[in-house]
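Q: In the UniProt record's numbering, the protein residues as written are 1 to 457. All C-beta atoms in this analysis are idealised placements derived from N, C-alpha and C, irrespective of residue type, glycine included.
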Ligand SMILES: CC(C)(COP(=O)(O)OP(=O)(O)OC[C@H]1O[C@@H](n2cnc3c(N)ncnc32)[C@H](O)[C@@H]1OP(=O)(O)O)[C@@H](O)C(=O)NCCC(=O)NCCS
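1) Give me, in chain order, the residues of the same chain whose beta-carbon lies closer than 6 Å to that of residue 424; leave out the 5 immediate sequence neighbours on both sides.
2) Under the rule that 16 or more other beta-carbon atoms within 10 Å means buried, what is residue 292, buried or exposed?
3) Output yes or no for whether 7 Å exceeds the beta carbon distance between residue 239 and residue 439.
4) Please classify residue 320 as buried or exposed, where buried requires at least 16 other C-beta atoms within 10 Å of its C-beta.
5) In three-state DSSP terms, what is residue 106?
6) Does DSSP put residue 278 in a helix, a strand or coil?
7) Where does residue 81 fall in DSSP's three states?
8) Does the distance from the CB of residue 252 to the CB of residue 414 come in under 7 Å?
9) Within the same chain, show all residues whose beta-carbon is closer than 6 Å to that of residue 432, passing over the 5 residues directly before and after it, in chain order.
10) Between the beta-carbon of residue 394 and the beta-carbon of residue 410, is there less than 7 Å?
11) Is residue 243 near ligand 1 - that is, is its Cβ less than 6 Å away from at least one heavy atom of it?
12) Below 8 Å, how does it come out for the segment 276–294 and the segment 308–316: are there three or more Cβ pairs, yes or no?
13) Got a sec: does ligand 1 put a non-hydrogen atom nearer than 6 Å to the Cβ of residue 84?
14) Do residue 176 and residue 183 come within 7 Å of each other at the CB atom, strictly closer than that value?
15) Within 8 Å, do at least three Cβ pairs link the segment 255–274 to the segment 202–209?
16) Measure the Cβ-Cβ separation of residue 157 and residue 133 and say whether it is below 7 Å.
17) Just checking, does the segment 322–330 make contact with the segment 344–355 on the three C-beta pairs under 8 Å criterion?
18) Output needed for residue 454: all residues of its chain with C-beta closer than 6 Å, excluding positions within five of it in sequence on either side, in chain order.
19) Who are the Cβ neighbours of residue 412 in its own chain at under 6 Å, not counting the five residues just before and after it?
20) For ligand 1, any of its heavy atoms closer than 6 Å to the Cβ of residue 208?
21) Are residue 295 and residue 397 closer than 7 Å when you measure CB to CB?
22) Does the distance between the C-beta of residue 491 and the nearest non-hydrogen atom of ligand 1 fall short of 6 Å?
23) Give the straight-line distance between the Cα atoms of residue 80 and residue 248, rounded to the nearest whole angstrom.
24) Once the 5 residues before and after residue 290 are set aside, which same chain residues still bring their CB inside 7 Å of it?
25) What do you get for residue 126, buried or exposed, if any count of 16 or more other CB atoms within 10 angstroms of its CB means buried?
26) State the DSSP-derived secondary structure class of residue 200, mapped to helix, strand or coil.
27) Please classify residue 403 as buried or exposed, where buried requires at least 16 other C-beta atoms within 10 Å of its C-beta.
28) Can you tell which of 235, 121, 65 has the C-alpha that lies nearest to the C-alpha of residue 169?
29) What three-state label does DSSP hand residue 14 in the structure shown?
30) So, for residue 416: in the same chain, excluding its five sequence neighbours on each side, which residues have a beta-carbon less than 6 Å away from its beta-carbon?
31) Which residues mark the beginning and the end of the alpha helix (DSSP H) in which residue 400 is found?
32) Between the C-alpha atoms of residue 131 and residue 87, what's the straight-line distance to the nearest angstrom?
33) Shortest alpha-carbon distance to residue 446 belongs to which of 92, 69, 77?
34) Does the distance between the C-beta of residue 78 and the nearest non-hydrogen atom of ligand 1 fall short of 6 Å?
35) If you scan the segment 263–318 from start to end, which runs of the beta strand (DSSP E) of 3 or more residues do you find wholly inside it?
36) Against chain D, with Cβ distances strictly below 7 Å, would residue 420 count as a contact?
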């Protein structure tokens with residue numbers, strides 16, 4: 001059985017259709033047919049399962065979401081076409097909400113098929129945090145050939161999901177009634193954002209994830225609707241989110257760039273995006289970095305730097321069309337270094353004022369089926385802004401620091417002023433696109449260099 005969006009709309013009044021009443025609990029969101037292919041797949045050894053997944057991917061048998069605008073124009077968005085988002089292909093010149101603030105917000109949660117229930121995840125409970133980590137590490141995005149998976153740490157999830165003023169009910173989960181197994185998740189964290197000249201309180205939506213065995217059964221739209229209801233209940237009606245697939249309608253489409261720090265390991269694990277025609281020796285030489293950073297006054301951020309960073313960011317990020325409006329508390333949350341989560345460095349001038357800041361976060365990745373390597377450490381550039389040092393110089397030192405901390409690669413989007421150093425510092429463009437979206441807000445599209453916001457997921 002799947003959970004159709006239309007039925008969800010019809011359920012607004014709370015009445016379930018007769019056919020659903022008859023539906024036996026145990027059949028909900030289960031594959032149909034006499035032989036359960038998941039059970040058959042499950043019976044195979046893990047290695048065999050991965051081979052099958054890889055083959056399915058290679059031959060594109062599965063239902064793929066559009067990766068380009070061209071493909072998107074041929075796709076029918078059964079769910080997104082019902083949502084307050086701009087239509088693909090519309091030329092937009094106005095600014096503002098698409099659906100004006102609804103007067104009443106539905107009081108009851110959206111209904112789930114029998115056998116499933118809603119939960120809000122209290123991540124201060126270490127057992128719950130571990131459960132979420134388990135769901136994401138087994139089911140969140142994988143690399144295209146299915147050999148590299150995210151390996152989020154507990155501390156990373158706390159950082160990414162427990163920002164100031166976050167609400168418990170915005171960490172939304174679906175569980176199986178009978179055994180309480182976690183099978184779906186979506187999160188919203190509060191944020192202030194400037195969109196062109198408008199300052200908006202909204203939410204950042206992240207970590208949408210459905211258990212692999214319940215894919216393509218329309219659980220994602222129900223998660224999105226229920227989260228929207230919970231956000232609306234707090235008087236907020238807009239959201240910002242990113243995705244690797246094209247949905248209606250990207251505000252901006254950015255590319256992910258990689259800068260190898262440990263080319264030997266990346267070559268050994270066949271990391272996508274390395275320069276193809278280089279031997280190992282050539283790559284080691286090409287990507288070689290100095291041992292120590294050069295910029296005078298560069299040091300790790302301490303708590304007392306938060307006000308200085310706050311004013312630097314306020315000044316420097318306002319030139320972009322989409323940028324965060326951070327409180328002092330949020331600066332501390334997102335920037336203050338946490339062991340194995342994120343790192344921030346500042347440049348302090350002779351008179352003690354902060355002139356530059358650079359910050360990155362780290363995500364481990366698991367390498368599957370490799371005889372030697374089990375993991376990779378990737379650093380992601382969160383923000384780099386400078387009032388005194390040349391950006392490329394500051395970034396070069398950042399590469400040195402990231403390497404000294406054991407990262408194998410540093411990834412950056414072509415947002416903000418990043419294109420000024422990407423090629424110069426030997427980043428290579430990957431085929432990964434990150435599309436930015438706004439929910440219930442229309443405004444002219446932006447080029448990547450007008451985006452001043454990176455959303456860690
Ligand atoms: C993303 C994911 C939750 C979608 O679930 P699914 O089982 O494939 O899809 P469902 O049948 O539940 O729902 C399909 C609908 O969700 C939409 N959808 C799929 N991925 C989406 C995304 N990342 N953001 C928003 N909507 C998405 C589809 O467009 C479709 O709606 P449409 O009919 O309007 O096109 C699931 O594939 C998953 O967990 N993937 C791994 C984690 C991941 O990549 N998360 C997204 C990070 S950006």
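A: This is what the structure holds:
1) 392
2) exposed
3) yes
4) buried
5) coil
6) coil
7) helix
8) no
9) 256
10) no
11) yes
12) no
13) no
14) yes
15) no
16) yes
17) no
18) 382
19) 257, 381, 418
20) yes
21) yes
22) Residue 491 falls outside the range modelled here, since the chain spans only 1 to 457, and no answer is possible.
23) 7 Å
24) 400
25) exposed
26) strand
27) buried
28) 121
29) Because residue 14 carries a pLDDT of 41, less than 50, the predicted location of this residue cannot be relied on, and no value is offered for it.
30) 452
31) 391–404
32) 37 Å
33) 92
34) yes
35) 298–300
36) Among the chains in the structure shown there is no chain D, since it carries only a single protein chain.
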